[in-house]
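In UniProt numbering, the protein residues as written are 1 to 340. Worksheet: the structure to be examined is printed underneath.
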């Protein structure tokens, strides 16, 4: 069973299915075609044909051989990958999906910046713990930047722009009439903006995990993990990203023309912050349980083996702040749509 294949190495269930699929593709698509080209070439030889036909058949055969050889090399390279490397492939895929979502976010929500009340002494004091968290996370994140993510710190710095919690001025100015297609209620703008930090923080986590520069990556996983354990990690982070995508999909189009649909939509959104918090906490817990500090001499990091766990827990604090901002934005948005 896949829960007891700790000692199976490269043929454990987690790896075997993908290996079978790759071998099937190799034989069906490449090796079979290569044999057909060989047969065609051998049939040409006993016959008197022009040199042009013979040369073309030879070149086709050479190309098919090169293509098959390249695929075999890729398969060998894949089979030599560690379990952790295969997990990283999935994390990069999830991160790319979040990148795509962010890049295609409706500009109308990103371009509009509603004025907020001037900061008071109390509000500055309330923001101070978040600034401390920001400084701590920046230190840990400096070692995890990838070529595809050059502005990770910038993402973190932008990820905690909270919606104005007590902006009564805009609430009073909001109209009770039904918004037109081109009109966006101010609170909806703040609600959608509150989703972006959750996207970015999850992307930062995935980029940290999928960093392939091994001289910078401070952790790995054990070599004796079962397929069940590997899939548990893979599925947990996949579920987290899926829930965030659901939140994005539900937060963008609001059905103001149908109050019943609108309230049903709000009910579905209301449960997602709790779901996201649970899934993020579960993801961090699994990572802290299964990830191990690397012992490579190349890594220039503190001697403590728990520095990456500290980074994850600090990131979790940022995520909790972002969830709190989203809850506040959702509360004020619900208060606004009651007047529609």
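Ideal placement from N, C-alpha and C gives every residue a C-beta, glycine not left out.
The shortest CA-to-CA distance from residue 250 to any of 103, 291 and 192 is the one to 192. Between residue 236 and residue 286 the beta-carbon gap is near 6 Å, inside 8 Å, which marks them as a contact. Ranking 185, 277 and 252 by CA distance to the CA of residue 265 puts 252 first. Look at residue 217 here: in three-state DSSP terms it is coil, with no helix or strand label.
A direct Cα-Cα distance of roughly 34 Å separates residue 273 from residue 294.
When the alpha-carbon of residue 10 is set against those of 71, 198 and 76, the nearest one is in 76. In this structure residue 17 is exposed. Its beta-carbon is surrounded by fewer than 16 other beta-carbon atoms within 10 angstroms.
Counting the other Cβ atoms within 10 Å of the Cβ of residue 56 gives fewer than 16, which makes it exposed.
Per DSSP, the beta-bridge partners of residue 292 are 220. Residue 70 sits exposed, since fewer than 16 C-beta atoms from the chains shown fall within 10 Å of its C-beta. Straight-line measurement puts the Cα of residue 220 at about 7 Å from the Cα of residue 84. Of 242, 89, 281 and 35, the smallest CA-CA separation from residue 211 is found for 89.
According to the DSSP assignment, residue 14 belongs to the alpha helix (DSSP H) that extends over 13–25. If you ignore the 5 residues before and after residue 238, its C-beta comes within less than 7 Å of the C-beta of 94, all in its own chain and listed in chain order. Taking residue 202 as the centre and dropping the five residues before and after it, the same chain places the C-beta of 98, 240, 241 and 244 closer than 7 Å to its C-beta, in chain order. Residue 322 is positioned such that its CB atom lies closer than 8 Å to that of residue 197.
In the assembly as shown, residue 225 is a buried residue. Its beta-carbon has 16 or more other beta-carbons within 10 Å.
Annotated three-state conformation of residue 80 is coil, per DSSP. For residue 7, the three-state secondary structure derived from DSSP is coil. The three-state reading of DSSP puts residue 225 in coil, since its state is none of H, G, I, E or B.
For the pair residue 23 and residue 72, the CB atoms are not nearer than the 8 Å cut-off. Under the three-state reduction of DSSP, residue 315 is assigned to helix. Annotation: residue 210 is outside any alpha helix (DSSP H) and is labelled neither H nor E by DSSP.
Ranking 222, 284 and 19 by CA distance to the CA of residue 79 puts 19 first. DSSP places residue 66 within a helical segment (H, G or I) once states are collapsed to three. By the criterion of a C-beta distance shorter than 6 Å, residue 91 is surrounded in its chain by 206, 209 and 210, once the five residues flanking it on both sides are discounted. Just so you know, the alpha carbons of residue 283 and residue 233 end up roughly 7 Å apart.
Of 40, 247 and 318, the smallest CA-CA separation from residue 267 is found for 247. Rounded to whole angstroms, the gap between the alpha carbons of residue 275 and residue 269 is 10 Å.
Scanning its chain for C-beta atoms nearer than 8 Å, with the 5 sequence neighbours on each side dropped, one finds around residue 290 the residues 221, 222, 225, 229 and 233, in chain order.
For residue 316, same chain residues with a beta-carbon under 6 Å away, outside a window of 5 residues either side, are 284 in chain order. When the beta-carbon positions are compared, residue 195 and residue 319 stay at least 8 Å from each other. With contacts defined as CB atoms closer than 8 Å, residue 14 and residue 231 qualify as a contacting pair. A residue is called buried once 16 or more other Cβ atoms fall within 10 Å of its Cβ, and residue 59, having fewer, is exposed.
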